[in-house]
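S.K.:
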Amino acid sequence: MTQPQLVQPGETAEQHAAFEARIGRGEKIEPGDWMPAEYRRQLIRMISQHAHSEVVGMLPEGEWITRAPTLKRKTILIAKVQDEAGHGQYLYHAAETLGISREEMLDALLSGRAKYSSIFNYPTQSWADVGMIGWLVDGAAIKNQTMLAGCSYGPYSRAMVRICSEETFHHKQGKEMIVAYAGGTPEQRQMAQDALNRWWWPALMMLGPHDADSPNTGALAGWGIKLKTNDEVRQEFINEHAPELLEAGLTIPDPDLHQDAEGNWKHGPINWDEFWAVVKGQQGLNRERLGARREAHEDGAWVREALEAYAARQVGQAAD
Amino acid sequence: MTATEQQAAGTLSGPLRAALIEKLTALADDEIILAHRDGEWTGHAPILEEDIALANIAQDELGHAGLYLELRRALDGSDADQLAFFRDAADYRSARFVELPKGDWAFTMVRQFLFDTYEALWLDAARTSTYAPLAEVAEKAFREEKFHLQHTALWVERLALGTGESRRRTQAALDELWPYAAQLFQPVPGEAELVAARIVPDLDKLRGSWESFVLPHLTGKCGLTLPDAPADAGAGRDTHTEHLAPLLAEMQSVARAVPNAEVW
Numbered sequence: 001m002t003q004p005q006l007v008q009p010g011e012t013a014e015q016h017a018a019f020e021a022r023i024g025r026g027e028k029i030e031p032g033d034w035m036p037a038e039y040r041r042q043l044i045r046m047i048s049q050h051a052h053s054e055v056v057g058m059l060p061e062g063e064w065i066t067r068a069p070t071l072k073r074k075t076i077l078i079a080k081v082q083d084e085a086g087h088g089q090y091l092y093h094a095a096e097t098l099g100i101s102r103e104e105m106l107d108a109l110l111s112g113r114a115k116y117s118s119i120f121n122y123p124t125q126s127w128a129d130v131g132m133i134g135w136l137v138d139g140a141a142i143k144n145q146t147m148l149a150g151c152s153y154g155p156y157s158r159a160m161v162r163i164c165s166e167e168t169f170h171h172k173q174g175k176e177m178i179v180a181y182a183g184g185t186p187e188q189r190q191m192a193q194d195a196l197n198r199w200w201w202p203a204l205m206m207l208g209p210h211d212a213d214s215p216n217t218g219a220l221a222g223w224g225i226k227l228k229t230n231d232e233v234r235q236e237f238i239n240e241h242a243p244e245l246l247e248a249g250l251t252i253p254d255p256d257l258h259q260d261a262e263g264n265w266k267h268g269p270i271n272w273d274e275f276w277a278v279v280k281g282q283q284g285l286n287r288e289r290l291g292a293r294r295e296a297h298e299d300g301a302w303v304r305e306a307l308e309a310y311a312a313r314q315v316g317q318a319a320d
Numbered sequence: 001m002t003a004t005e006q007q008a009a010g011t012l013s014g015p016l017r018a019a020l021i022e023k024l025t026a027l028a029d030d031e032i033i034l035a036h037r038d039g040e041w042t043g044h045a046p047i048l049e050e051d052i053a054l055a056n057i058a059q060d061e062l063g064h065a066g067l068y069l070e071l072r073r074a075l076d077g078s079d080a081d082q083l084a085f086f087r088d089a090a091d092y093r094s095a096r097f098v099e100l101p102k103g104d105w106a107f108t109m110v111r112q113f114l115f116d117t118y119e120a121l122w123l124d125a126a127r128t129s130t131y132a133p134l135a136e137v138a139e140k141a142f143r144e145e146k147f148h149l150q151h152t153a154l155w156v157e158r159l160a161l162g163t164g165e166s167r168r169r170t171q172a173a174l175d176e177l178w179p180y181a182a183q184l185f186q187p188v189p190g191e192a193e194l195v196a197a198r199i200v201p202d203l204d205k206l207r208g209s210w211e212s213f214v215l216p217h218l219t220g221k222c223g224l225t226l227p228d229a230p231a232d233a234g235a236g237r238d239t240h241t242e243h244l245a246p247l248l249a250e251m252q253s254v255a256r257a258v259p260n261a262e263v264w
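Going down the list, the protein sequences come from chains E and Z. Counting from 1, position 65 in the first sequence corresponds to residue 65 in full-length UniProt numbering; the numbering is continuous, with no gaps. Counting from 1, position 95 in the second sequence corresponds to residue 95 in full-length UniProt numbering; the numbering is continuous, with no gaps.
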């Protein structure tokens with residue numbers, strides 16, 4: 001099972017074997033425990049990317065807070081974006097247990113070195129996109145996060161349990177919105193259909209490349225970080241959502257979509273060129289999203305300095 | 001609306017009813033507009049913890065607006081979302097104080113502090129309103145408002161006593177906001193009768209309590225200076241800043257795009 005390149009200088013095969021045996025027994029790895037350097041590196045990469053996705057993910061929906069069409073929808077949307085900030089916070093804390101600081105992670109995000117889920121680089125073009133993101137994007141995220149809730153690293157796994165329970169609300173409100181609009185006025189129905197046309201393929205793609213093209217899956221699976229493959233998670237997602245979308249009276253923009261003999265909904269070919277173009281920032285709003293985060297960070301610099309100065313002053317006064 | 005609300009609404013005379021409708025509208029409009037301004041920070045706050053905290057305050061203020069408009073519904077059968085999303089600026093009764101753009105973090109925190117103090121004191125006094133449904137609403141909202149006030153009072157203190165820059169920005173925010181704050185204490189038409197019937201608190205008295213809370217905090221603890229500009233309320237709540245119309249145009253754009261929608 002142990003892949004030789006994963007044993008780093010200073011680590012022994014015995015340490016790795018004992019570590020993998022713990023994971024094999026279903027034990028959680030906790031912050032102070034011995035772990036391979038590569039396990040630590042992969043987790044920092046994954047958890048910080050996940051945290052960044054929550055933080056950047058506030059933006060596409062946040063755009064619509066000022067335009068939500070009822071007082072209730074506005075309250076729900078503010079609460080949802082607020083939850084995303086909270087998820088970012090838990091996840092930065094979870095990553096910090098591995099020996100990296102929030103500042104280092106934010107610096108990696110804002111300088112463009114770190115990645116975040118490219119789904120958030122798609123523009124939200126109408127109010128119905130807010131509902132469709134809740135239903136499909138959060139729906140896909142829940143599938144992934146439910147799997148990660150079982151992962152071998154304790155702090156990440158526990159953060160996921162909490163996040164999943166909140167995401168379940170996001171998913172429900174998104175579905176409720178779209179089902180209502182699909183049964184609403186012709187304009188609302190069209191708005192819901194257009195949103196589905198825009199978000200269906202990105203939602204499938206956000207679950208990652210096909211297993212054959214997923215470079216990190218092998219090592220992550222061996223260490224109990226990733227318990228299912230991208231294609232398995234994608235299949236679960238489609239099996240749940242395709243029949244519900246059809247029942248709402250919407251048309252899924254995939255002429256090849258069909259149910260096979262085992263009852264699985266099979267999708268047609270995915271345009272991975274688009275996926276990679278968005279990941280690499282050649283397409284989509286990567287520049288705008290990072291620009292908005294940088295602006296908030298830079299505009300807030302004086303506030304953070306004031307907080308530090310005030311705290312230092314309090315400490316100084318307490319010492320007097 | 002509850003049976004109590006319906007019953008209480010039936011006991012009001014015509015003029016009192018009209019004045020209370022006007023008052024509830026003014027209260028709700030302040031909350032709707034301020035929550036809108038606070039909501040503009042969601043996703044753009046200086047620290048992640050404030051994306052969370054200020055979003056909470058915005059949700060609470062929207063909740064209060066909903067409570068006031070529910071009371072209004074018992075009086076005239078109006079619908080909260082129709083009022084919020086299908087009235088033009090001329091029919092809004094918000095104070096110009098809440099309409100001003102969000103500004104920087106110091107501006108947002110100083111405004112919220114001045115407003116939270118006013119609202120907490122107003123709600124505290126309204127808990128003994130002779131109009132039972134209002135007393136109930138005040139009781140509920142008062143609990144939340146106390147937390148807002150703790151939060152924003154501490155922010156103003158930290159910014160005023162932080163760095164030279166944060167102090168300068170906080171003072172500038174106070175200089176700009178102070179004259180506008182007086183509008184919060186402007187009565188609506190018919191308010192004197194509501195006060196006489198002990199349905200709503202007396203704003204003159206409330207202003208005294210407000211000053212005796214905010215002044216020691218701002219000029220004492222935080223070391224800020226009050227601007228020379230007189231705190232004159234100016235025109236009534238039917239006069240707005242030039243910022244309200246564009247705010248509403250944006251806020252109402254989705255709702256008005258499909259005006260016959262039964263559900264959103």
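We put the beta carbon where it would ideally sit given N, CA and C, even for glycine. Note that the structure is predicted; figures quoted are calculated from it, not measured.
Name, please, each residue of chain Z whose Cβ falls closer than 9 Å to the Cβ of Asp299(E).
M.R.: Going along chain Z in sequence order, the residues near Asp299(E) (Cβ under 9 Å) are His44, Pro46, Asp104 and Trp105.
S.K.: For a test of the three-state rule: what should DSSP assign to Tyr153(E), helix, strand or coil?
M.R.: Here Tyr153(E) sits in strand by DSSP.
S.K.: Among Met191(E), Val279(E) and Gly218(E), which has the Cα closest to the Cα of Ala261(Z)?
M.R.: Looking at the Cα atoms, Met191(E) is the closest of the given residues.
S.K.: Out of Glu166(E), Gly249(E), Pro255(E) and Thr146(E), which one is the CA nearest neighbour of Glu236(E)?
M.R.: When each option's Cα is compared against that of Glu236(E), the closest is Thr146(E).
S.K.: Could you check whether the Cβ of Pro31(E) sits closer than 8 Å to any Cβ belonging to chain Z?
M.R.: Output row for Pro31(E): interface = no.
S.K.: Counting pairs of beta carbons, one from the region 13–23 of chain E and one from the region 192–199 of chain E, are three or more of them closer than 8 Å?
M.R.: Verdict: no, contact absent.
S.K.: Using a Cβ-Cβ distance cut-off of 8 Å, determine whether Thr124(E) contacts chain Z.
M.R.: No, no contact with chain Z.
S.K.: Within a Cβ cutoff of 8 Å, which residues of the same chain sit near Asn230(E), ignoring the five residues on either side of it in sequence?
M.R.: If we look at Asn230(E) and ignore the five residues flanking it on each side, its Cβ neighbours are Leu207, Gly208, Pro209, His210, Asp211, Ser214 and Thr217.
S.K.: Whose Cβ in chain Z lies nearer than 9 Å to the Cβ of Tyr153(E)?
M.R.: The contacting residues do not exist; Tyr153(E) stays about 22 Å from chain Z at best.
S.K.: Which same chain residues end up closer than 7 Å to His64(Z) when comparing Cβ atoms and leaving out the 5 residues on each side of it in sequence?
M.R.: Hits under 7 Å: Glu31 and Ala141.
S.K.: Would you identify the three-state DSSP class for Ile29(E), choosing helix, strand or coil?
M.R.: Of the three classes helix, strand and coil, the one that applies to Ile29(E) here is strand, per DSSP.
S.K.: Does any CB atom of chain Z fall closer than 8 Å to the CB of Ile78(E)?
M.R.: Yes, Ile78(E) counts as interfacial toward chain Z.
S.K.: Assign Pro36(E) to buried or exposed, taking buried as 16 or more other Cβ atoms, counted over all protein chains shown, within 10 Å of its Cβ.
M.R.: By the 10 Å Cβ count, Pro36(E) comes out buried.
S.K.: Buried or exposed for Gly316(E), please, with buried defined as at least 16 other CB atoms from any protein chain shown within 10 angstroms of its CB.
M.R.: Flag for Gly316(E) reads exposed.
S.K.: What does Trp265(E) pair with, by DSSP beta-bridge criteria?
M.R.: Answer by DSSP bridge pairing, in chain order: Gln259(E).
S.K.: Could you give the first and the last residue of the continuous alpha helix (DSSP H) run that contains Tyr118(Z)?
M.R.: Looking at the DSSP string, the run of the alpha helix (DSSP H) that includes Tyr118(Z) is Trp105 to Ala126.
S.K.: Is it buried or exposed for Arg259(E), if we count other Cβ within 10 angstroms and need 16 for buried?
M.R.: With the sequence shown as reference, residue 259(E) is identified as Gln, and Arg is not the correct amino acid for it. By the neighbour-count rule (16 or more Cβ atoms within 10 Å), Gln259(E) is not buried but exposed.
S.K.: Between the region 194–214 of chain Z and the region 128–139 of chain Z, are three or more C-beta pairs nearer than 8 Å?
M.R.: Yes, since at least three Cβ pairs between the region 194–214 of chain Z and the region 128–139 of chain Z fall closer than 8 Å, the two stretches touch.
S.K.: Under 8 Å between beta-carbons, which chain Z residues line up against Gln82(E)? List them in chain order, please.
M.R.: Neighbours of Gln82(E) on chain Z, chain order: Thr42, Asp51, Ile52, Ala55, Asn56 and Gln59.
S.K.: What residues of chain E sit near Leu159(Z), judged by a beta carbon separation below 7 Å?
M.R.: Those are Ala306, listed as they occur along chain E.
S.K.: Let me know if Asn239(E) comes out buried or exposed under the rule of 16 or more other beta-carbons within 10 Å of its beta-carbon.
M.R.: The residue is exposed, with fewer than 16 neighbouring Cβ atoms inside 10 Å.
S.K.: Express the C-alpha separation of Gln193(E) and Gln112(Z) in angstroms, rounding to a whole number.
M.R.: Distance between the alpha carbons of Gln112(Z) and Gln193(E) is about 40 Å.
S.K.: Taking Cβ positions only, does residue 322(E) come closer than 8 Å to chain Z?
M.R.: For residue 322(E) there is no data in the structure shown, the boundaries of chain E being 1 and 320.
S.K.: Counting only runs that start and end within the region 44–82 of chain E, where is the alpha helix (DSSP H) found for 4 or more residues in a row?
M.R.: Runs of the alpha helix (DSSP H) inside the region 44–82 of chain E: 58–62.
S.K.: Could you check whether the Cβ of Ala219(E) sits closer than 8 Å to any Cβ belonging to chain Z?
M.R.: For Ala219(E), the answer is no, since every Cβ of chain Z falls outside 8 Å of its Cβ.
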